[in-house]
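Heads up: the structure comes next, in structure tokens.
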Amino acid sequence: EFVFVPGQNEVILGWDSGLSGLSGLDCSEERQELRFAFKRYLNQHLTGFMFLNQDVQEKDLSSEKLTTQIVEDGINLMTSDLRKVNIPAMLVEKKPNFVGLRFIGNYSVVTGQLTGAEEPSPETLEILEEAVTPDNSMEALFQDFPRAVRVDRYFMQQDLKNPDSFTCYVADPVGYEEARKEIERTGMGLLNEDEWEYCCGSGTRRLFKWGNQLHRSLIQDETNSPLWKENMFGLEIANAEFGPELIEGRPYTKGAWLEENFKAPVLNLLPLSSYYSVNLPLLVDPNGHLAAGYYCARRAIRIEM
């Protein structure tokens, strides 16, 4: 599904304003309730650790007190430079897709059947069933199922609108260039950094697409939080439970999985900022393949007006 994003000339992108427009309390390490909510989020939701075969990591955060200046410098360092650009009109895919994972169908916990892209083997069905109902008992049908589970080459993600259904994938690793060229063969392409930032925040002078306020419900209330909603263009972009999104050219990705790397909540949420920009090397295996499922990509078509 694609949505139309109107172009705009001389739109201002990037961020060099530090804490401008943000509450000093929001940016301090004193927001303990936000830190606790963040830890709960990491333990209950999909994170990048699953695709790296790692448990959620509790990091030994520095005991050094984060001053306002340190937080401000951190924000400016991890966001793109302020600039004025022209953005073309585009048709943009509403939601990104996992890179290196191939959709194989939807698994129903109630029927034990996989329906969709291909006919499953008995071995595949057994693996999927064991993944979500490991004790194979009737009581398991009344338990809370995992939000996401990875077993061997298979990845399953629960449908939030129908918790008894799981979208299922199998690993099919690709490299960055291969993924990009595969999209280009369909007559489309990846967004570049300017286009991605515009699609995310529409050039508004706000650090995040929802504004500059931080509150606990952001990472707790899936029904009403903007982290699980479409933005003003109708795009699901820089949302919770999305990994780094591949873009055209450097820095190669925008956004990132949420992790607790800092004591200040605003820095931990910065990967969801419209202007987050950190030039990290892509995670690849010895064959040059991207870590399957860790990255996502969305297609776009530029419209000549």
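Numbering (our numbering), first residue to last: 57 to 361. Even glycine gets a Cβ: it sits at the ideal position worked out from N, Cα and C. Given the structure is predicted, the values throughout are model-derived calculations rather than measurements.
CB of residue i within 8 Å of CB of residue j, strictly
i	j	result
G245	A347	no
Y232	L157	no
T260	N162	no
D250	I143	yes
C255	V148	yes
N295	L283	yes
L122	K319	yes
S281	D220	no
W313	T103	yes
F94	E316	yes
I160	G168	no
Backbone CA spacing between residue i and residue j [nearest angstrom]
i	j	result
L90	P321	7 Å
F58	R354	10 Å
L338	G344	10 Å
L263	S330	6 Å
M288	G311	18 Å
M146	G63	7 Å
L216	V188	15 Å
Y210	K140	44 Å
V334	L98	21 Å
Q100	R203	7 Å
Exposure label - residue i; buried when at least 16 CB within 10 Å
i	result
L336	exposed
P327	buried
N324	buried
S258	buried
P229	buried
As assigned by DSSP and simplified to three states, the class of residue i
i	result
G245	strand
T124	helix
K140	strand
T180	helix
M106	helix
C232	A small fix is needed here, since residue 232 is Tyr in this sequence, not Cys. Helix, per DSSP.
K310	strand
G225	Reading off the sequence shown, one finds Tyr at residue 225, where the question assumed Gly. DSSP places Y225 in strand when its eight states are reduced to three.
R87	coil
A93	helix
E278	coil
S73	coil
A356	strand
A296	coil
A320	coil
N68	Note that residue 68 is Ile in the sequence shown here, rather than Asn. The answer is strand: DSSP assigns I68 an E or B state.
I303	coil
V188	helix
L283	helix
Beta-bridge partners of residue i, as assigned by DSSP
i	result
D215	N218
Y34	With the chain running from 57 to 361 in the structure shown, residue 34 is simply not present.
G267	F264
S329	F264
R206	F211
N335	Partner(s): none; N335 has no beta bridge.
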